[in-house]
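Here's the structure, in structure tokens; my notes come after.
Number of protein chains: 2
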Amino acid sequence: MASSLPTRDEQVLDQRALDVLFHSARTANGFLPQPVSEQTLRDVVEAMKMAPTAMNALPLRVVFVTTDEGRARLIPALMPGNVAKVESAPVTAILARDLEFYQHLPRLFPHAPQAYFDNARANADEASLQNATLQAGYFILAARAHGLDAGPMGGFDRAKVDAEFFPKGTSKSILLVSLGYGDDSKLYPRNPRLDFEEIAAFA
Amino acid sequence: MASSLPTRDEQVLDQRALDVLFHSARTANGFLPQPVSEQTLRDVVEAMKMAPTAMNALPLRVVFVTTDEGRARLIPALMPGNVAKVESAPVTAILARDLEFYQHLPRLFPHAPQAYFDNARANADEASLQNATLQAGYFILAARAHGLDAGPMGGFDRAKVDAEFFPKGTSKSILLVSLGYGDDSKLYPRNPRLDFEEIAAFA
């Protein structure tokens, strides 16, 4: 997928791209009846997986719910306010963390000594949570970068989703993200943001 | 900052932008002696803060360590393998979560009933961890989008960083991210990634 490294001056995105990713993008609250191609979903994952995780551990797992049967399994776990969004979304991604991600480390981080892998296993709960959540952030922006609107949802019954979609017990859901082409007529007014000085300082 | 919403066809980033964000970008392991402007750091924060968090809570806090005095306070908390990277980086960002983020919710999420704010306060530890970590993912990609190379580091003594930089005890560090213009001669070989089928499934 990768081209050669861009030169320094080529590494700043233009305003249009910054708008698509950050400034103009909005959290979708409803979707147009327009399908999302499987290739687009694959491209989102191929982009997301390139961004950094500790020890290149890549613990995020994704179930793309794209069928009526899949939605019928997911909807009972939703908070009532999220049902219409998922029903209108051509895709809802269940983002989860693989608690046994460390099994892949000898392949993903091949130069490290065994002690690193043992340590990852001992800290698998915390490490999978931190790194899969970082990857959830990458996932949302990768979806936007591929022309999709995203509707992340934390309001769902994780135990129900895990029992239904991850019955082996080795993955735990962290976030749902509806994906599609947003219906702008369903957008809420944009909420205010903190000022720079409320977020950041210099030392 | 925002321009008008791009039309649908304009919402897919071109391959160059996808390369800058994901496919060609690399985790920096050393930096060129080239400063980062304060305006660039401000632009990164202004972009990052627009991406979604639950209840628009925006719990991420950032301390940009840009001075020799700041680095001298940070370096004792680093794992030995990260010292050279931080010493060579014009900026190292300390990313932290504000445990009292809920104090801003009546302004940031003004239409919600008080019960939402009470619930956020009751779940402030988990909510600040999840949402600030999502924002850490946005931050890394926002840095890349503004032409910077990023070197995220989880290997540091969080208690030492918190005591030194967050003595009030209301913020807790989650990640360090060195920022600057990467010295490509210091890059490690790229590690392999999981295949799509190891990450994702359809339902």
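Going down the list, the protein sequences come from chains A and B.
Add 377 to the 1-based position in the first sequence for our numbering, that's all there is to it.
Add 377 to the 1-based position in the second sequence for our numbering, that's all there is to it.
Idealized CB from N, CA, C, for every residue including glycine.
According to DSSP, residue i sits in a beta bridge with which residue or residues?
i      : result
B/T469 : B/V442, B/S555
B/S548 : B/D475
B/P529 : B/V554
B/F579 : A/F441
A/V389 : B/H523
B/F408 : B/G559
B/L455 : B/F533
Indicate, with yes or no, if the ligand COA has a heavy atom lying under 8 Å from the CB of residue i.
i      : result
B/L435 : Looking at this structure, you won't find the ligand COA or any other ligand, since it has none at all.
Within 9 Å of any Cβ in chain A, is that where the Cβ of residue i sits?
i      : result
B/V365 : No answer is possible for residue 365 of chain B: the residues shown for chain B start at 378 and end at 580.
B/L398 : yes
B/V442 : yes
B/N568 : yes
B/D539 : no
B/V460 : no
B/A466 : no
B/L455 : no
B/L506 : yes
B/R438 : yes
B/A580 : yes
B/T547 : no
B/F573 : yes
B/S562 : no
At the 9 Å Cβ level, is residue i part of the contact set with chain B, yes or no?
i      : result
A/L518 : yes
A/I452 : no
A/M378 : The pLDDT assigned to A/M378 is 41, lower than 50, so where the model puts this residue is not dependable; a value taken from the coordinates is nonetheless given after this. Closer than 9 Å to some Cβ of chain B, the Cβ of A/M378 qualifies, so yes.
A/D391 : yes
A/G557 : no
A/L552 : yes
A/A577 : yes
A/G514 : yes
A/G447 : yes
A/L536 : Reading off the sequence shown, one finds Ala at residue 536 of chain A, where the question assumed Leu. With 9 Å as the cut-off, A/A536 does not count as an interface residue toward chain B.
A/T510 : yes
A/A394 : yes
How close, in whole Å, do the beta carbons of residue i and residue j come, if the pair is a contact with beta carbons under 8 Å?
i      : j      : result
A/F542 : A/V440 : 5 Å
B/P467 : B/P412 : 5 Å
A/I551 : A/A473 : 6 Å
B/A520 : B/V421 : 5 Å
B/P453 : B/K537 : 6 Å
B/L485 : A/N568 : 6 Å
A/V442 : A/L455 : About 11 Å separates the two Cβ atoms, so there is no contact after all.
A/I471 : A/L553 : 6 Å
A/D572 : A/L409 : With 8 Å as the limit, A/D572 and A/L409 do not qualify as a contact, their Cβ atoms being about 34 Å apart.
A/G447 : B/A580 : 4 Å
A/A489 : A/M432 : 7 Å
B/L518 : B/R403 : About 14 Å separates the two Cβ atoms, so there is no contact after all.
B/A405 : B/S555 : 6 Å
A/A513 : B/G514 : 7 Å
A/A394 : B/A394 : 5 Å
**Asked** Listed from N- to C-terminal order along the chain, which residues in the segment 407-434 of chain A have their beta-carbon within a distance smaller than 7 Å of any beta-carbon of chain B?
**Response** Contact annotation: in the segment 407-434 of chain A, residues whose CB is within less than 7 Å of a CB in chain B are R419, V422, E423, A424, K426, M427, A428, P429, A431, N433.
**Asked** Per the contact definition of three or more C-beta pairs closer than 8 Å, is the segment 430-438 of chain B in contact with the segment 517-536 of chain B?
**Response** The segment 517-536 of chain B makes no contact with the segment 430-438 of chain B, as fewer than three CB pairs between them are under 8 Å.
**Request:** State whether the segment 530-537 of chain B contacts the segment 457-468 of chain B, with contact taken as three or more CB pairs (one from each stretch) at a distance under 8 Å.
**Result:** With the cut-off at 8 Å, the segment 530-537 of chain B and the segment 457-468 of chain B touch.
**Request:** Report the residues of the segment 473-504 of chain A with a CB closer than 7 Å to any CB of chain B, ordered along the chain.
**Result:** Of all residues in the segment 473-504 of chain A, only H481, R484, L485, F486 place a beta-carbon less than 7 Å from a beta-carbon of chain B.
**Prompt:** Touch check for the segment 389-399 of chain A and the segment 423-432 of chain B: three-plus C-beta pairs under 8 Å?
**Reply:** Judged by Cβ distances under 8 Å, the segment 389-399 of chain A makes contact with the segment 423-432 of chain B, as three or more pairs qualify.
**Request:** Determine contact between the segment 498-507 of chain A and the segment 497-505 of chain B, defined as no fewer than three beta-carbon pairs at a distance below 8 Å.
**Result:** Touching, no.
**Prompt:** Can you list, in chain order, the residues of the segment 518-533 of chain A whose Cβ is nearer than 9 Å to any Cβ on chain B?
**Reply:** So the close ones are L518, A519, R521, A522, H523, G524, L525, D526, A527, G528, P529, M530, G531, G532.
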